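Enquirer: Chains A and B, in that order, are what the protein sequence lines are. For what it's worth, the working numbering labels the leading residue of the first sequence as -12, then goes sequentially. For what it's worth, the working numbering labels the leading residue of the second sequence as 284, then goes sequentially.
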Amino acid sequence: MTKRAVILNTVITICFVIILFRLFDLMIINHGRLKARAERQHYKRENKEVTRGLILDRRGRELAINLDAESVFCRPHEIESPERYAKELSRYLDKRPDIILAKLSKKSRFSWIERSLSTEKVEPLKRLGLKGIGFMKETKRFYPKGFLASHVLGFVNIDQKGIEGIELMYDSQLRAVLTRASLLRDANGRPLSEGLEERKGNNVVLTIDEGLQYIAEKSLESSIEKWQAEWGVIIMMDPFTGEILAMAVRPTYDPNNFKDSKPSVRRNRAITDTYEPGSTFKLVTAVAAFEEGIVEPETKIDCDGGRIRIGKKIIEDVHPSGVLTFKEVIGRSSNVGTIKVARMLGPERLYRYIRLLGFGSKTGIDLPGEASGYIKPPERWSIQSMGAIPIGYEVAVTPLQVLRAYAAVANGGWLVTPHVVSAITAPDGNPIYRFRYKAERVFSQKTALIIKDILTGTVSQEGTARLAGVDGNSVAGKTGTTRLFDPVKKTYSKDRYVSSFVGFVPASNPKITAIVVIGEPRGEYYGGTVAAPAFKELAEATLSYLRIPREDTEEGVLRLKGHTHGFGGINNATQ
Amino acid sequence: MIYSKKRNVLKYYEWFLLFFLIVAGLFTIIWLRSAITALEYNIASLEERKKEILKERKELLAQRASLSSSHRIYEIAVKRQGLAFPDRRYISLIKRNESPQVVSVRGKIKLDELFLDDFSFSHR
């Protein structure tokens, strides 16, 4: 009995010693390694959800938002039967089995199968429980207004990185920093509370107004359709602050499906493309002549019956005239009269004013890809240049540059910096940055008033832009018509034109300044026939939208209280 | 002798009490831990629910933004409802009057053309 007890004691003791050794091994010798292993099992490092900031219009309407999406990936080395998987997956994804098979058979350890799918589409795939197939939560950029302002907004790539427009320009603000966090899981891999901290990027508030943008797009669309034009641009700006209220470009694209469009369609022609502005450029000669005291509005200029020889070239007026006042020279868009005044100025002074009005340098708009245009320095001017440059040939400008120069007339001589972003706000709505408008005086208020008066005359019954006139409000502006240069034939085309109109309304107290450029219209091509009516349509709708009163009625005194009359009619009427 | 016996009894109870406290303590710790874990499961499921609701909110926001687009409103108003964009020739914007009881309209449009039934006049 004693012997048995000794044996039993010994066995128990040995067992305890073994347990102690094992405990010593687990808790002391291999403690670090095992602890790390346990942590690997219980904690899973995952990317925290990050959401791109929103893009809002000036009234807080969403122009770019985010939707939840999921991406499907595979770990090819874990997949035993790629052919079966490919067939199975192709049933749920709109992809051919051979394309999926190529991804499943890759030599790498990771491969995307499909990105940014809706969660509804992914659910049946998850239920299949295929080994080696994984899912990752992501967000997908969504542009709820579709085509509207697509050239301003731009778009993002599959990794939510800005590629064009505001998305690119303000990418660092819109993007949230991707972080990784350790999430606690139980033995079965079920998640324990991980918190709902969602990292969001900052929101960008634009100066664009969705309503005005729609009006601009609609006017441009109808004009393009009417004249079967190849392309077109409308920009609307506040002449005092440089806030871009609308920027419409045709042809256009849907940023939700940007891959369906050609890169040329996605180009923002309002700022990236240059053209020869034609008669709208006569503004420079007018400003320079008044500032330098060369002419007065009533100074008589002999227009030589509408023909002038410059070197080997003869330049003609559309409407030949004899002696005209300088006011009439601009009003009737006389090339001869303008060239004669420009000659009085000389190349150096003319060039100085061209640059002073912002041509040949970027406007500084906060959009990517802006072109500076091109203005030859006077030492490179040919004999013909003195006949071409004053009337808007041999210069390359962007529609925005032209608009900015006319805005300077509207605001009394200040060259403003155009911008499309008014503020950047934190995800909680607190402002981080507010745009401070910049302006530089480039000519006197007196000159601005004289030119404003001349431009108002241009839109009168006798002017070239009478079709731009708005019922009830005075409009000031200038038409432009240019032949397109054919780089193959190295001459100006006889059937390809650019028609434009740039102006502001109401002329006495400008609220908006806008430019309409129609590229390669068919049938008619004069700016006064093609672009001016588009401006009229745009201005009338805009004045209604902004509730800018007519100037030809006396101030009413009827008091109304918050009522709507008809579609978009009187609401909280104020004057 | 009696003292010694009493002391042994006390010692027995002391051991029992100590054992009971340790066991109770262990159970309390285990219970607390499991309760916290259960709570975490609950929170995790609530978080999942919240995620679903947030996702739904995002989708509704997208839907609202799409439905309220100017293009859609214009199409419905003009094409389906037969409304027209206001013609400036027939619109007279009117200003709040500071002096009470005065109601008058000047301009192109006569008072009876303004569909007065549609408006309420405030006489402050």
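Ideal Cβ placement from N, Cα and C applies to all residues, glycine included. All of these numbers come straight from a predicted model, not from anything done at the bench.
So, does the CB of residue 132 of chain A fall closer than 8 Å to a CB anywhere in chain B?
Expert: As a first step, residue 132 of chain A is located in the first sequence; it is residue number 145 there, counting from the start. So, interface residue.
Enquirer: Report buried or exposed for residue 55 of chain A, applying the criterion of at least 16 other Cβ atoms within 10 angstroms of its Cβ.
Expert: One-based indexing of the first sequence puts residue 55 of chain A at position 68. Buried.
Enquirer: Under 7 Å, CB to CB, which of the residues in the stretch 123 to 148 of chain A have a partner in chain B?
Expert: If the cut-off is 7 Å between Cβ atoms, the stretch 123 to 148 of chain A has 129, 131, 132, 135 near chain B.
Enquirer: Using a Cβ-Cβ cutoff of less than 6 Å, which residues in the same chain neighbour residue 564 of chain A once the five nearest sequence positions on both sides are dropped?
Expert: Any question about residue 564 of chain A goes unanswered here, given that chain A covers just -12 to 562.
Enquirer: Taking the C-alpha atoms as reference points, what is the distance between residue 504 of chain A and residue 343 of chain A?
Expert: The residue given as residue 504 of chain A occupies position 517 in the first sequence. The residue given as residue 343 of chain A occupies position 356 in the first sequence. Answer to the nearest angstrom: the Cα atoms are 23 Å apart.
Enquirer: Measure the Cβ-Cβ separation of residue 450 of chain A and residue 444 of chain A and say whether it is below 8 Å.
Expert: Translated into the one-based positions of the first sequence, residue 450 of chain A becomes position 463. Translated into the one-based positions of the first sequence, residue 444 of chain A becomes position 457. Yes. Within cutoff.
Enquirer: Does any CB atom of chain A fall closer than 8 Å to the CB of residue 315 of chain B?
Expert: Looking up residue 315 of chain B in the second sequence gives position 32. By this cut-off, residue 315 of chain B is not an interface position.
Enquirer: With a threshold of 8 Å between beta-carbons, can residue 324 of chain A be considered close to chain B, or not?
Expert: On the first sequence, residue 324 of chain A is found 337 positions in, with the first residue counted as 1. So, not an interface residue.
Enquirer: Is the separation between the beta-carbon of residue 564 of chain A and that of residue 441 of chain A shorter than 8 Å?
Expert: Examination of residue 564 of chain A is not possible in this model, given that chain A is present from -12 through 562 alone.
Enquirer: Please work out which residues of its chain come closer than 8 Å, Cβ to Cβ, to residue 30 of chain A, disregarding the five sequence neighbours upstream and downstream, and give them in chain order.
Expert: Here residue 30 of chain A is taken as the residue at index 43 of the first sequence, counted from 1. These residues qualify, in order along the chain: 169, 170, 171, 172.
Enquirer: How do the stretch 65 to 73 of chain A and the stretch 88 to 100 of chain A stand: do at least 3 beta-carbon pairs fall below 8 Å, yes or no?
Expert: With a cut-off of 8 Å, the stretch 88 to 100 of chain A and the stretch 65 to 73 of chain A count as touching, because enough Cβ pairs lie within range.
Enquirer: Can you look up residue 365 of chain A in the DSSP assignment and give me helix, strand or coil?
Expert: Position 378 of the first sequence holds residue 365 of chain A. Three-state result, residue 365 of chain A: helix.
Enquirer: Would you verify that the beta carbon of residue 332 of chain B is, or is not, closer than 8 Å to some beta carbon of chain A?
Expert: As a working note, residue 332 of chain B is residue 49 in the second sequence. So no, residue 332 of chain B is outside the interface.
Enquirer: Pick out whichever of A/529, A/508, A/535, A/537 has its Cα sitting closest to the Cα of residue 216 of chain A.
Expert: Working through the first sequence from its first residue, we reach residue 216 of chain A at position 229. Answer by Cα proximity: A/508.
Enquirer: Are the beta-carbon atoms belonging to residue 84 of chain A and residue 95 of chain A less than 8 Å from one another?
Expert: Numbered from its first residue, the first sequence carries residue 84 of chain A at position 97. Numbered from its first residue, the first sequence carries residue 95 of chain A at position 108. Result no, Cβ atoms of residue 84 of chain A and residue 95 of chain A do not sit closer than 8 Å.
Enquirer: Residues in its own chain within less than 6 Å of residue 130 of chain A by CB, not counting five upstream and five downstream?
Expert: Counting from one through the first sequence, the residue named residue 130 of chain A turns up at place 143. Same-chain partners within the cutoff: 51, 242, 243.
Enquirer: Closest Cβ-Cβ distance between residue 393 of chain B and chain A: below 8 Å?
Expert: Numbered from its first residue, the second sequence carries residue 393 of chain B at position 110. Low confidence applies to residue 393 of chain B: its pLDDT is 39, below 50, so where it sits in the model is not reliable, and the reading given next is rough at best. With 8 Å as the cut-off, residue 393 of chain B does not count as an interface residue toward chain A.
Enquirer: Quick one, which of A/318, A/456, A/324 has its alpha-carbon nearest residue 293 of chain A's?
Expert: Taking the first sequence and counting its residues from 1, one reaches residue 293 of chain A at position 306. Checking every option, the nearest Cα to that of residue 293 of chain A belongs to A/324.
Enquirer: Return the first residue and the last residue of the beta strand (DSSP E) that residue 127 of chain A is part of.
Expert: As a first step, residue 127 of chain A is located in the first sequence; it is residue number 140 there, counting from the start. First-last of the beta strand (DSSP E) with residue 127 of chain A: 120 to 129.
Enquirer: Based on the DSSP output, what are the partners of residue 294 of chain A in its beta bridges?
Expert: The sequence position of residue 294 of chain A within the first sequence is 307, counting from 1. In the DSSP output, where bridge partners are listed per residue, residue 294 of chain A has A/303.
Enquirer: Can you list, in chain order, the residues of its chain whose CB lies under 6 Å from that of residue 472 of chain A, leaving out five sequence neighbours each side?
Expert: Against the first sequence, residue 472 of chain A aligns to sequence position 485. Excluding positions up to five away in sequence, the list reads 479.
Enquirer: Between residue 52 of chain A and chain B, is any beta-carbon pair separated by less than 8 Å?
Expert: In the first sequence, residue 52 of chain A corresponds to position 65, counting from 1. Yes, contact with chain B.
Enquirer: Output yes if chain A places a C-beta closer than 8 Å to the C-beta of residue 341 of chain B; else output no.
Expert: Reading the second sequence from its first residue, position 58 is the one you call residue 341 of chain B. Output row for residue 341 of chain B: interface = yes.
Enquirer: Three or more beta-carbon pairs under 8 Å between the stretch 303 to 312 of chain A and the stretch 246 to 265 of chain A, yes or no?
Expert: No, the stretch 303 to 312 of chain A is not in contact with the stretch 246 to 265 of chain A.
Enquirer: How would you list, in chain order, the residues of chain A whose beta-carbon sits under 7 Å from the beta-carbon of residue 371 of chain B?
Expert: What you label residue 371 of chain B is simply residue 88 of the second sequence in a count that begins at 1. The contacting residues are 458, 459, 527, 530, 531, 537.
Enquirer: Which stretch, first to last residue, makes up the beta strand (DSSP E) that contains residue 489 of chain A?
Expert: Position 502 of the first sequence, counted from the start, is the residue given in the question as residue 489 of chain A. Run containing residue 489 of chain A: 478 to 492, per the beta strand (DSSP E) assignment.
Enquirer: Would a check of beta-carbon distances place residue 384 of chain B closer than 8 Å to chain A?
Expert: Position 101 of the second sequence, counted from the first residue, corresponds to residue 384 of chain B. Caution applies to residue 384 of chain B, whose pLDDT of 49 falls short of 50 and renders its modelled position unreliable; the model cannot decide the point.
Enquirer: Using a Cβ-Cβ cut-off of less than 8 Å, give me the residues of the stretch 34 to 48 of chain A that come near chain B, in sequence order.
Expert: Taking 8 Å as the Cβ-Cβ cut-off against chain B, the residues of the stretch 34 to 48 of chain A that qualify are 48.
Enquirer: Comparing alpha-carbon positions, which option in A/200, A/265, A/39, A/263 lies nearest residue 237 of chain A?
Expert: Residue 237 of chain A sits at position 250 when you count from the first residue of the first sequence. Of the listed residues, the one whose Cα sits closest to residue 237 of chain A is A/200.
Enquirer: Within this structure, are the beta carbons of residue 40 of chain A and residue 191 of chain A separated by less than 8 Å?
Expert: Here the question's residue 40 of chain A lines up with position 53 in the first sequence. Here the question's residue 191 of chain A lines up with position 204 in the first sequence. Yes, they are a contact pair.
Enquirer: At a cut of 8 Å, does the stretch 389 to 409 of chain A reach the stretch 341 to 355 of chain A through at least three beta carbon pairs?
Expert: Yes, the stretch 389 to 409 of chain A is in contact with the stretch 341 to 355 of chain A.
Enquirer: I want to verify the contact list: residues of chain B whose CB lies under 7 Å from the CB of residue 197 of chain A, in sequence order.
Expert: Mapped onto the first sequence, residue 197 of chain A falls at position 210. Within chain B, the residues near residue 197 of chain A are 353.
Enquirer: Which residues of chain B have a Cβ atom closer than 7 Å to the Cβ of residue 512 of chain A, listed in chain order?
Expert: Start at 1 with the first residue of the first sequence, and residue 512 of chain A comes out as number 525. Chain B residues near residue 512 of chain A: none, gap ~28 Å exceeds 7 Å.
Enquirer: Can you tell me whether residue 53 of chain A is buried or exposed? The criterion is at least 16 other CB atoms within 10 Å of its CB, across all chains shown.
Expert: Locating residue 53 of chain A in the first sequence gives position 66, where the first residue counts as 1. Buried, because 16 or more other Cβ atoms sit within 10 Å of the Cβ of residue 53 of chain A.
Enquirer: Taking 8 Å as the cut-off, does the stretch 374 to 381 of chain A touch the stretch 267 to 287 of chain A (at least 3 CB pairs, one atom from each stretch)?
Expert: These segments touch.
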